[in-house]
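Chains as they are written, first to last, in this note's numbering: chain F, 1 to 111; chain H, 1001 to 1111.
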Amino acid sequence: GQNIDQPTEMTATEGAIVQINCTYQTSGFNGLFWYQQHAGEAPTFLSYNVLDGLEEKGRFSSFLSRSKGYSYLLLKELQMKDSASYLCAVRVYSSASKIIFGSGTRLSIRP
Amino acid sequence: DVKVTQSSRYLVKRTGEKVFLECVQDMDHENMFWYRQDPGLGLRLIYFSYDVKMKEKGDIPEGYSVSREKKERFSLILESASTNQTSMYLCASNSGSYEQYFGPGTRLTVT
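In structure tokens:
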């Protein structure tokens, strides 16, 4: 079966750094995405990892270890607008390529 | 800019009614997806399509069907709506291995 786990909720302070972890157990792994979703809005793309290592994009970085089935999203210099849910998603390939999501991590930023 | 549109933002239907949710994308993407999103459960894949007239079941296809007669349009059909299908429905599209683009969502209430 396919399983993606991430913490349900996290809290962090404005200006700080936070790391959101995601572990997965899937067959046919073919890449991992992170999305941001503000309340009442659609998810928007943040990052994509298909090879092991760190991908940096401004204040956001994402890391992947395929052998460990593990990824994290690192958010630096937190801003109040970063309060949102962060969704880890894995692309799996069998007869066709589908993308399955974890249940998301709700991040709250306090002043 | 990629645009994914959904036919309704809010919909209220009665138990037993046949419900159509429409999704249109304007970027010539071959892949289209239907998810439902419920608190604590994240996004769950209902069906996806990788080409016109081609479809694959996702993780929770029961009670749903889909239609893809044209590349830009992917319809989700609830043959006989039930109260446990009350949810937020999100459509997404992508091309190849790239990120998904999501529509604004349809909040369906079945009474």
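A virtual CB, placed ideally from N, CA and C, is assigned to each residue, including glycine.
Values in this document were obtained by computation on a predicted structure and should not be read as measured data.
{"Query": "Pull up the distance between the alpha-carbon of H/Arg1019 and that of H/Tyr1010, whole angstroms please.", "Result": "Reading off the sequence shown, one finds Val at residue 1019 of chain H, where the question assumed Arg. Cα to Cα, H/Val1019 sits roughly 13 Å from H/Tyr1010."}
{"Query": "For the segment 23-40 of chain F, list every residue whose C-beta sits within 7 Å of some C-beta in chain H, in sequence order.", "Result": "Gly31 and Phe33"}
{"Query": "Taking the alpha-carbon positions, what's the H/Phe1033 to H/Ser1008 distance?", "Result": "17 Å"}
{"Query": "H/Lys1059 versus chain F: which residues are under 8 Å apart at the beta carbon?", "Result": "The residue asked about is misnamed: residue 1059 of chain H is Asp in this sequence, not Lys. Simply Gln2 and Ile100."}
{"Query": "Whose C-alpha, out of F/Val92, F/His38 and F/Lys98, is nearest the C-alpha of F/Ser27?", "Result": "F/Val92"}
{"Query": "Is F/Tyr35 near F/Leu107, with beta carbons less than 8 Å apart?", "Result": "no"}
{"Query": "For a contact meaning CB atoms closer than 9 Å, what does H/Val1045 contact in chain F?", "Result": "It should be pointed out that residue 1045 of chain H corresponds to Leu in this sequence rather than to Val. Near H/Leu1045 (Cβ distances below 9 Å), the residues of chain F are Lys98, Ile99, Ile100 and Phe101."}
{"Query": "With distance defined between alpha-carbon atoms, name the residue in H/Lys1053, H/Asp1026, H/Gly1016 and H/Gly1063 nearest to H/Phe1102.", "Result": "H/Asp1026"}
{"Query": "Just verifying my parser: in three-state terms, what is the DSSP assignment at F/Asp82?", "Result": "helix"}
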